[in-house]
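Protein chains in written order, with our numbering: chain D, 1 to 273; chain Y, 1001 to 1273; chain Z, 2001 to 2330; chain U, 3001 to 3276; chain H, 4001 to 4276.
This report concerns only the one structure given below.
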Amino acid sequence: MRLINRRPDRTSWMLLAALPFLLVLIAYALGSAVRLAENPSDKLLPGLTSFVDAIDRMAFTPDKRTGDILLWLDTATSLARLVAGIAIAAAGGLLVGLAAGLLPYVRATLAPFVTVASMVPPLAVLPILFIVVGLGEASKITLIVVGVLPCLIRDLMLKIDDLPRQQLIKAQTLGANSWTLAIRVVLPQILPRLIDSIRLNLGPAWLFLISAEAIASEAGLGYRIFLVRRYLAMDVILPYVAWITLLCFLMDLGLRVLQRRAFPWFEDARASA
Amino acid sequence: MRLINRRPDRTSWMLLAALPFLLVLIAYALGSAVRLAENPSDKLLPGLTSFVDAIDRMAFTPDKRTGDILLWLDTATSLARLVAGIAIAAAGGLLVGLAAGLLPYVRATLAPFVTVASMVPPLAVLPILFIVVGLGEASKITLIVVGVLPCLIRDLMLKIDDLPRQQLIKAQTLGANSWTLAIRVVLPQILPRLIDSIRLNLGPAWLFLISAEAIASEAGLGYRIFLVRRYLAMDVILPYVAWITLLCFLMDLGLRVLQRRAFPWFEDARASA
Amino acid sequence: PKKEFKLAWSIYVGWMPWQYAADQGIVKKWADKYGIKIEVVQFNDYVESINQYTAGAFDAVTVTNMDALSIPAAGGVDTTAVIVGDFSNGNDAVILKGKDKLSDIKGQKVNLVEFSVSHYLLTRALESVKMTEKDDVTVVSTSDADMVAAWSTPDVTAVVTWNPLVAEILATPGAKKVFDSSQIPGEIIDLTVANTDVLKDNPAFGKALAGIWYETMALMSADTPAGIAARTAMGKASGTDLAGYEAQLKATRMFYKPADALAFVRGPEPKATMQKVAGFLFDHGLLGNGAPSAEAIGIEFPGGVIYGNKASVKFRFTDAYMAAAADGKL
Amino acid sequence: MTQISVRNVWKEYGEQVVLEQINLEIAPRSFVALVGPSGCGKTTFLRMLLSQETPTKGEILIDGIPISPEPGPDRGVVFQRYSVFPHLTVLGNVLLGAELKGGGVLGRLFGTARRQAKEEAVKLLDAVGLSHALEKYPAQLSGGMQQRLALAQALIAKPKVLLLDEPFGALDPGIRGDVHKLMRQLWHEHPMSVVMVTHDLSEAFHLATRVIAFDRRRNLPEERLRYGASITNDIEVWPRRVAGNPDFGKEPTLPRRDDPAQADGHPDRDDPADAA
Amino acid sequence: MTQISVRNVWKEYGEQVVLEQINLEIAPRSFVALVGPSGCGKTTFLRMLLSQETPTKGEILIDGIPISPEPGPDRGVVFQRYSVFPHLTVLGNVLLGAELKGGGVLGRLFGTARRQAKEEAVKLLDAVGLSHALEKYPAQLSGGMQQRLALAQALIAKPKVLLLDEPFGALDPGIRGDVHKLMRQLWHEHPMSVVMVTHDLSEAFHLATRVIAFDRRRNLPEERLRYGASITNDIEVWPRRVAGNPDFGKEPTLPRRDDPAQADGHPDRDDPADAA
Ligand SMILES: Nc1ncnc2c1ncn2[C@@H]1O[C@H](COP(=O)(O)OP(=O)(O)OP(=O)(O)O)[C@@H](O)[C@H]1O
Ligand SMILES: Nc1ncnc2c1ncn2[C@@H]1O[C@H](COP(=O)(O)OP(=O)(O)OP(=O)(O)O)[C@@H](O)[C@H]1O
Ligand SMILES: [Mg+2]
Ligand SMILES: [Mg+2]
């Protein structure tokens, strides 16, 4: 049979799926063993016990100085920033995207600007950001917003363009004005697509958050990674990276579930389009 | 007439499009004037003459030490890295994406791993990366590849899924085997979509490049920005940011033109799908 | 045996000579003399350069005494200070906004690069006015690259940092230096260190480093056009100009001559300093997991004096290479 | 009572003349079928009636008044596709018309007003045979059901003119027969004029009171750009059909060759909901 | 000469029995039309003939040999949509069959081989009336032209069996008439059997030598899952049509009600290329 027609059965599937993860683990274990044999206190690729130690220290033992459990503190801090940033960007993106997608005057005004803005590397203009919003929580949230918002607006504009023109006409023949058309016809159809856009922008949002936390912060996952990088504590960094990956994965999953639950019509409509 | 039906004419359109850029310029000019009035040597929002000076220094005066013109040197260096990184990621993404998209065995093996890998924040594992690939050009290129590749693979896999199943069946009834089906039917249809994916990933690619250059480099746009950032030399940073934005814009434009030229059938086919 | 060696350096006033030496062929000249190859690699990010050295990607690195102890030494990489280049004599400073007494720092948020020499300087400064980090201030970790920008924001009122950032910050209205490293002279030492095992197997590498260094020192300290050219180039490479660079040099006690360095390293200061530094690092949990005390890591000084755990000496000051340079035996 | 007057209308797209010199009086309560070869401008003409396009020359009046420059609730429309809103249930789609009209800023009705609108919507949905699928979403409906829904949705706004652009072109022939019957019945019951574009002559004669054919009079390749289509045929259907008088407009006597295979015993054969 | 034998075939999806106990012998050179209500399993049956699905029970043989477990060049197919490759020109689409067969690892032909294949492709395209559009891409063709292209593409691979799943369902009635004529002609000229699924009884009788109807014998809601469809009618078309004997299979004598409005004077009325 042709390769394209050959399908693994359930068991093979699971074995195959586990394979690359196993390979990475084995490669790590080997590398770590070699390095630890040379230098027992090697920090770059620590052994299992170091990880267990570090995880225990970060996730289950209160910090001596502050009494906080660092991993939870960092997670809560980072998530609060991330969620705030994404929520603001989503709300703003929705508002501006809707206006620019529907109203030619707004689009003429904003479309070129947003296109250019989405290409500015936000990390490079951080100093100005600091001056405008200060160095506190606001700056981290703002960096996420500044980085993600233009992309969301662009996305939503394109997605409104993708709605069949006939729908807008039809709504007008049913008596819609610009406003009711926006809230009754376009908004509800754009919301599930906004979730898609947010999912796409989760990665960049994390990147911006980590970068912002690396620059000035007192807690947060990115802060901790950059802090312990100062003494090459890979035994802390790697679990943190894994944890961030897991959080990212869960957020993505959550958004997918939200999309399915909140917009039951969407999946079918997309499939039949 | 309803707002959604009101369209600006050509002149208004251009005026409106220019408006937000003007507003930003004016806001900048005001802010700059206020700060300069307070402190004539303020560096955060320099005045026009400082920009002219800085641009002249960076873009038109050869460096005394090396004879290079810094802006061009930085641009050439950064672009070479970016293009290399994107090219490698694109080639790898195409290869792996094609294999995983077409062959169920490869997909079973790679799909979950790629999904997880695309969520690892690459900046956080930089030290390991540097050890593995060293510090030369390779490290910057690798960071771009590591950051962009999983997204490209995921994208392409999804895009291969979106090809109508009927096409694959049809090709088999015309005598295709897995390989000829891949190169004659799927590859040519995926290439223009790869360009779309690359365009989406240009922003992240720049981010990774700038981050990598900030850590270890001797030239490059990101290097220069981080070098002068210590001195808050916004008169150099802002033109550099504008320049990066322009480059990004041109690359995006170039890719769009390439797509239209190299795949003349694509636009129509997408519109009629 | 090994023939090719790699040195990582990062941009700082006292380490700029490495770049210049590489550009001017001084590195190659000395490497050729010893029949080896030395690659000089610049880092923008200081911490990353140390990490790379610690991970084994480099044989030598430019580093401060404190970071040498907390990163490579605590990471089990036996490290020897081949060259004691200078100590900070005002290059690091505590700066307040609108206040001019150090004691005004009480209760403020202090922005600095956490766990860096700035952090150490803050601790020492607070000691001098009978305060402690724990009770009297809040440390906000801030990247050095953005320190100047951070200072320009209204909510940042106290920073501890180093040059050229200090100069930039002091140039803004309202910035007052209330404490600097000249008040703890000799405690923040800028070194060029190398892996002890590599040095043991390849003494030529250490000798070449010393040869390169002191030839460059002679060049840059000279009041000749060549000296000015050297300093101009170094200033430029660090993102400033001749005047800016010379201002930074002024706040640095450079050991231009090997004899000066020898006098310093053979004296009592290094040992006293390292004792304080180890204490600081231990307090902040930076001496490795489960380090039982500040003396968990042994530090050797010229003449075989050892501070701390004699069974686990990981950081060594040596006078061997500088003495050779002083004696013209390279 | 909704007289439509089209006075010397021309439509050009840049260089290309699409329609030229269209003059037409459509009597109240007409059912006009518009036929003609592909690309001759039928859709363009309908778009102008809908104010989705404006004529290059000439004017269109409804009851003597120039039509508004944008689509409005006086003219309803059903397109070949995309006429219903995928995010609303069947009931929601029909209710929408009432809500947009009477729902104020929110575009929603509450309380009694909503109950009344709902009753009306259900009655309409009953008329188009969708009362059993009130809570389904359009994607769960077959093509025929979607077009019936689009009809109900258009009718609740009580348009004076109903415009149809190949509304049944995408349906299977069998299902098309059912919808034709429904269409005729709706036209009898609602006080409106209908203008329908179709490719299918038999459909045109089956439903309309008047069949109008557009075509280019000059069709040499080199003349294609310079000459647009105009009205080439204008046929009164015989026996005359009269709105509100369904007796005259009954089934044609000949069985149609493209009637459904198993028309009986499958009253809702295009209904995937039943199969599920 | 391509005898297709379907022996006691059942198809179930999980709980649901879709087809049960299908027994069928299809003689060489037949043209079988498969009709039946929506969802009765016509497509499923065709998919099994194509090896896109495997029967749950039973077996399918071609000339006495069980069919290969995957699609292959012995069986060609035209779907309702997506049968042609958007990235290849009209000529490229037809050449593809030859290139995939004889083009080795690259799947491309060069030199003489290519020239020969091209000649053959052009001849086929001529037969389906597309010789004037060789360099166009499918997206530039009308629906009717795309389906004609799909036919030419399938035929160049010289399949023993040609499978068609509602190939003309998406076409306008007028254009459909043209393609019917073509289809009949192709069947006469190429030594193959044809199995065509359609919704349209008139189409079935118009083209086929044999019309087979699928339906569920038990259709109560509670029995729907447990009972699949099977063959309910198997009609030999009269007058008999014989492959290669086009005289017998000529146009039906009655004019068809759904024939095109302006059939004459518009030989290629569904051809957007002409309008451009
Ligand atoms: N927005 C537009 N810009 C330019 N040309 C257009 C536009 N809309 C339609 N045309 C042209 O006008 C002509 C008539 O198009 P129209 O869609 O009205 O034809 P139609 O009779 O509805 O055809 P069909 O039966 O295929 O639906 C065509 O040649 C088309 O190319
Ligand atoms: N992959 C599948 N998984 C589960 N059920 C399926 C699958 N494919 C088809 N079915 C079911 O099998 C039945 C027959 O489907 P099929 O597509 O063969 O019908 P059909 O006769 O071709 O209908 P239509 O005339 O609408 O094309 C349907 O009830 C359908 O829901
Ligand atoms: Mg039309
Ligand atoms: Mg089917």
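Glycine included, C-beta positions come from ideal geometry on N, C-alpha and C.
Considering only heavy atoms of ligand 4, does any lie closer than 6 Å to the CB of residue i?
i, result
"residue 4011 of chain H", "no"
Do residue j and residue i come within 7 Å of each other at the CB atom, strictly closer than that value?
i, j, result
"residue 3011 of chain U", "residue 3056 of chain U", "yes"
"residue 4124 of chain H", "residue 4163 of chain H", "no"
"residue 2190 of chain Z", "residue 2304 of chain Z", "no"
"residue 149 of chain D", "residue 111 of chain D", "no"
"residue 122 of chain D", "residue 147 of chain D", "yes"
"residue 2319 of chain Z", "residue 2302 of chain Z", "yes"
"residue 2061 of chain Z", "residue 2008 of chain Z", "yes"
"residue 1071 of chain Y", "residue 1063 of chain Y", "no"
"residue 101 of chain D", "residue 195 of chain D", "no"
"residue 2275 of chain Z", "residue 2164 of chain Z", "no"
"residue 3097 of chain U", "residue 3157 of chain U", "yes"
Looking at chain U, is there any beta carbon in it that lies within less than 7 Å of the beta carbon of residue i?
i, result
"residue 1001 of chain Y", "yes"
"residue 265 of chain D", "yes"
Would residue i pass as an interface residue toward chain H - the criterion being a Cβ-Cβ separation below 7 Å?
i, result
"residue 1259 of chain Y", "no"
Using a Cβ-Cβ distance cut-off of 7 Å, determine whether residue i contacts chain D.
i, result
"residue 1170 of chain Y", "no"
Of all the CB atoms in chain Y, is at least one closer than 7 Å to the CB of residue i?
i, result
"residue 3053 of chain U", "no"
"residue 146 of chain D", "no"
"residue 3070 of chain U", "yes"
"residue 2218 of chain Z", "no"
"residue 2145 of chain Z", "yes"
"residue 4049 of chain H", "no"
Should residue i be counted as a contact of ligand 2 given a C-beta to heavy atom distance under 6 Å?
i, result
"residue 136 of chain D", "no"
"residue 4042 of chain H", "yes"
"residue 4018 of chain H", "yes"
"residue 4039 of chain H", "yes"
Compute every distance between the C-beta of residue i and the non-hydrogen atoms of ligand 3, then say whether any falls below 6 Å.
i, result
"residue 3198 of chain U", "no"
"residue 4209 of chain H", "no"
Should residue i be listed as close to ligand 6, given that the test is whether its C-beta is under 6 Å from any heavy atom?
i, result
"residue 217 of chain D", "Here the bound small molecules are ligand 1, ligand 2, ligand 3 and ligand 4; ligand 6 is not part of this structure."
Taking 7 Å as the CB-CB cut-off, is residue i touching chain Z?
i, result
"residue 41 of chain D", "yes"
"residue 215 of chain D", "yes"
"residue 134 of chain D", "yes"
"residue 26 of chain D", "no"
Worksheet item: Going along the chain, which residues of the region 2096 to 2111 of chain Z sit with their C-beta nearer than 8 Å to a C-beta in chain D?
Response: 2111
Worksheet item: Which residues, taken in chain order from the region 2071 to 2088 of chain Z, show a beta carbon closer than 7 Å to some beta carbon of chain D?
Response: 2071, 2074, 2075, 2076, 2077
Worksheet entry | Interface positions of the region 229 to 243 of chain D facing chain Y (Cβ-Cβ less than 9 Å), listed along the chain | 229, 232, 234, 237, 238, 240, 241, 242
Worksheet item: According to a CB-to-CB cut-off of less than 8 Å, which residues of the region 2024 to 2048 of chain Z neighbour chain Y?
Response: 2041, 2042, 2043, 2044, 2045, 2048
Worksheet item: For the region 2147 to 2164 of chain Z, which residues have a CB atom closer than 8 Å to at least one CB atom of chain Y, in sequence order?
Response: Under the 8 Å Cβ criterion, the region 2147 to 2164 of chain Z contributes 2147, 2148, 2149, 2152, 2164.
Discussion item. What are the residues in the region 2052 to 2067 of chain Z lying within 7 Å of chain D by C-beta distance?
Written reply: 2054, 2055: these are the residues of the region 2052 to 2067 of chain Z whose beta carbon lies less than 7 Å from some beta carbon of chain D, given in chain order.
Worksheet item: When Cβ atoms are compared, which residues of the region 2164 to 2198 of chain Z fall closer than 8 Å to chain Y?
Response: 2164, 2165, 2168, 2171, 2172, 2173
Item to complete: Would you list, in chain order, the members of the region 4072 to 4086 of chain H that have their beta-carbon closer than 7 Å to a beta-carbon of chain Y?
Response: 4072, 4073, 4075, 4076, 4077, 4079, 4082, 4083, 4085, 4086
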